[in-house]
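To start, the structure under review is shown below, and the notes come after it.
In this note's numbering, the protein residues as written are 131 to 178.
Structure below.
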């Protein structure tokens with residue numbers, strides 16, 4: 131993404147697997163990590 135001029139951020143959520151991160155998009159698992167909030171904040175900053 132950076133190579134073509136885009137912006138990106140890397141976030142680590144210690145103790146969570148890839149599957150756990152995807153699961154946090156579901157209301158049932160959102161309390162595990164603020165993945166959805168972080169993604170939404172990034173999009174709001176970048177897209178306005």
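Just so it is clear, CB atoms sit at the ideal spot from N, CA and C, and this is done for glycine as well.
If you draw a 10 Å sphere on the C-beta of residue 134, you find fewer than 16 other C-beta atoms in it, and that means exposed. For residue 175, the enclosing alpha helix (DSSP H) begins and ends at 165-177. Counting along the chain, residue 146 sits inside no alpha helix (DSSP H), nor does DSSP assign it H or E at all. Taking the CA atoms as reference points, residue 138 sits about 21 angstroms from residue 153.
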